[in-house]
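Below is one structure, written out as structure tokens; comments come after it.
Numbering (the numbering used here), first residue to last: 7 to 311.
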């Protein structure tokens, strides 16, 4: 099939690679403009652009698609369908109407649950036991289109957003390759809007640990915000990122350090406690708790905020 592909991060790059490997003709790749990254803040191409250039594909990087001039490359591509995955730009109705078979979005949740920008983070944070991939026909709404297929995946107690992202990227890539040969004959299933939830974009303040909350909830937040933006707490006026922890049965004033050992830094929560297992100081590396505690700067009775 002759396709336009629109996407930006690693999640989308996995789907683009799969479509290329399956023999589809990618007549145009849309991705966001290069952004400053790293300590030098040099412009860096998106993962999707890197894949596209490696395969000699035509790439367009418009700031938006509101004007006819910006949409001209889509018209010139002559594609039968457009596949969209984590593109990050709004597609106006004029763009959605261009391909004969419409636009298919690869969304990382079981819609209508977790429409929006951060479905993987929010599913872990909420304690969902499963998530998955939904392929849907795009319309003018936010992830509101008719569902073409859904594929479920369990969320393990050990899953972080990073690990679940990789599994969902692989699943989405497989699902879109399997779907495209059937696309022309599929009508799709209307979403039940009464069941919809919204996965709002992640803000840094979302990842601040509130020790008055239950230990199980804080464990989910730590996993949900790993690798971005990293759950954090304050100790001695310094922000410390917490990358890995384990909820345990114990009690004390929330935020109080109950015990210190190479097995974990135990901190009391609103109910239960957390054994903190991996942390990071500003500008430092991730450290197992035994290495972090070498200096002896934290002791029982201290408080984390």
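Just so you know, even glycine gets a beta-carbon here, dropped at the ideal spot from N, CA and C. Owing to the predicted nature of the structure, the values given are computational and were not obtained by experimental measurement.
*Which first and last residues belong to the beta strand (DSSP E) in which residue 13 is found?*
For the purposes of this step, residue 13 is identified with residue 7 of the chain shown, where counting begins at 1. Taken as a continuous stretch (DSSP letters only), the beta strand (DSSP E) holding residue 13 covers 8-13.
*residue 106 to residue 36, Cα distance in whole Å?*
By 1-based counting over the chain shown, the position of residue 106 is 100. By 1-based counting over the chain shown, the position of residue 36 is 30. Distance between the alpha carbons of residue 106 and residue 36: 18 Å.
*Decide if residue 80 is buried, meaning its Cβ has at least 16 other Cβ atoms within 10 Å, or exposed.*
Here residue 80 corresponds to residue number 74 of the chain shown, with the count starting at 1. Flag for residue 80 reads buried.
*asked:* Quick check on residue 225: does DSSP put it in helix, strand or coil?
replied: The residue labelled residue 225 in the question sits at position 219 within the chain shown. Residue 225: helix per DSSP, three-state reduction.
*Counting only the same chain and skipping the five closest in sequence on each side, list residues whose C-beta sits under 6 Å from that of residue 180.*
For this step, residue 180 is matched to residue 174 along the chain shown. The beta carbon of residue 180 lies closer than 6 Å to none in the same chain, with the five residues before and after it left out.
*Neighbourhood of residue 129 by C-beta, 7 Å cutoff - its chain only, sequence neighbours within 5 removed*: On the chain shown, position 123 is the one that residue 129 refers to. Once the five neighbours on either side are set aside, the close Cβ partners of residue 129 are 115, 120, 137 and 161.
*Is the beta carbon of residue 258 less than 8 Å from the beta carbon of residue 274?*
Taking the chain shown and counting its residues from 1, the one referred to as residue 258 is at position 252. Taking the chain shown and counting its residues from 1, the one referred to as residue 274 is at position 268. For residue 258 and residue 274, yes; Cβs fall inside 8 Å.
*Under a three-way DSSP split, which group does residue 259 fall into?*
One-based indexing of the chain shown puts residue 259 at position 253. Correct three-state label for residue 259: coil.
*Have a look at the DSSP bridge pairing and note the partners of residue 109.*
Stepping through the chain shown from its first residue, residue 109 is reached at position 103. Partner(s): 88.
*What separation, rounded to the nearest whole angstrom, lies between the Cα atoms of residue 227 and residue 216?*
Position 221 of the chain shown holds residue 227. Position 210 of the chain shown holds residue 216. In a straight line, the C-alpha of residue 227 is about 10 Å away from that of residue 216.
*asked:* Suppose contacts are defined by Cβ-Cβ distances below 8 Å. Is residue 332 in contact with residue 246 by that definition?
replied: There is simply no residue 332 to check, as the chain begins at 7 and stops at 311 in what is shown.
*asked:* Measuring only the C-alpha atoms, how far is residue 70 from residue 109?
replied: Here residue 70 corresponds to residue number 64 of the chain shown, with the count starting at 1. Here residue 109 corresponds to residue number 103 of the chain shown, with the count starting at 1. Whole-angstrom Cα-Cα distance: 17 Å.
_Taking the straight line between their C-alpha atoms, what separation do you get for residue 28 and residue 192?_
Taking the first residue of the chain shown as position 1, residue 28 is located at position 22. Taking the first residue of the chain shown as position 1, residue 192 is located at position 186. Whole-angstrom Cα-Cα distance: 20 Å.
*asked:* I'd like to know whether the C-beta atoms of residue 113 and residue 230 end up nearer to each other than 8 Å.
replied: The sequence position of residue 113 within the chain shown is 107, counting from 1. The sequence position of residue 230 within the chain shown is 224, counting from 1. Not closer than 8 Å, so no.
*Is the number of C-beta pairs between the stretch 93-101 and the stretch 181-189 that are closer than 8 Å three or more?*
Not touching, per the Cβ criterion.
_Would residue 278 and residue 310 qualify as a contact pair, given that the criterion is a beta-carbon distance under 8 Å?_
Counting from one through the chain shown, the residue named residue 278 turns up at place 272. Counting from one through the chain shown, the residue named residue 310 turns up at place 304. Contact annotation: residue 278 and residue 310 have beta-carbon atoms that are not nearer than 8 Å.
*Taking Cβ to Cβ, would you say residue 86 is nearer than 8 Å to residue 8?*
Residue numbering aside, residue 86 sits at position 80 when the chain shown is read from its first letter. Residue numbering aside, residue 8 sits at position 2 when the chain shown is read from its first letter. With respect to residue 8, residue 86 sits close: the two C-beta atoms are nearer than 8 Å.
*Using beta-carbon positions only, say whether residue 83 and residue 10 come within less than 8 Å of one another.*
Within the chain shown, numbered from 1, the residue matching residue 83 stands at position 77. Within the chain shown, numbered from 1, the residue matching residue 10 stands at position 4. Their beta carbons are under 8 Å apart, which means residue 83 touches residue 10 by this criterion.
*Local Cβ density within 10 Å of residue 133, reported as buried at 16 or more and exposed below that*: What you label residue 133 is simply residue 127 of the chain shown in a count that begins at 1. Its Cβ having fewer than 16 others within 10 Å, residue 133 is exposed.
*Output the boundary residues of the beta strand (DSSP E) element that contains residue 125.*
Counted from its first residue, the chain shown places residue 125 at position 119. That residue, residue 125, is in no beta strand (DSSP E); its alpha helix (DSSP H) goes 125-132.
*Cβ of residue 21 within 8 Å of Cβ of residue 124?*
Within the chain shown, numbered from 1, the residue matching residue 21 stands at position 15. Within the chain shown, numbered from 1, the residue matching residue 124 stands at position 118. Cβ distance not < 8 Å, so residue 21 and residue 124 don't count as in contact.
*Counted within 10 angstroms of its Cβ, other Cβ atoms place residue 78 as buried (16 or more) or exposed*: Here residue 78 refers to the residue found at position 72 when the chain shown is read from its first residue. Residue 78 comes out exposed.
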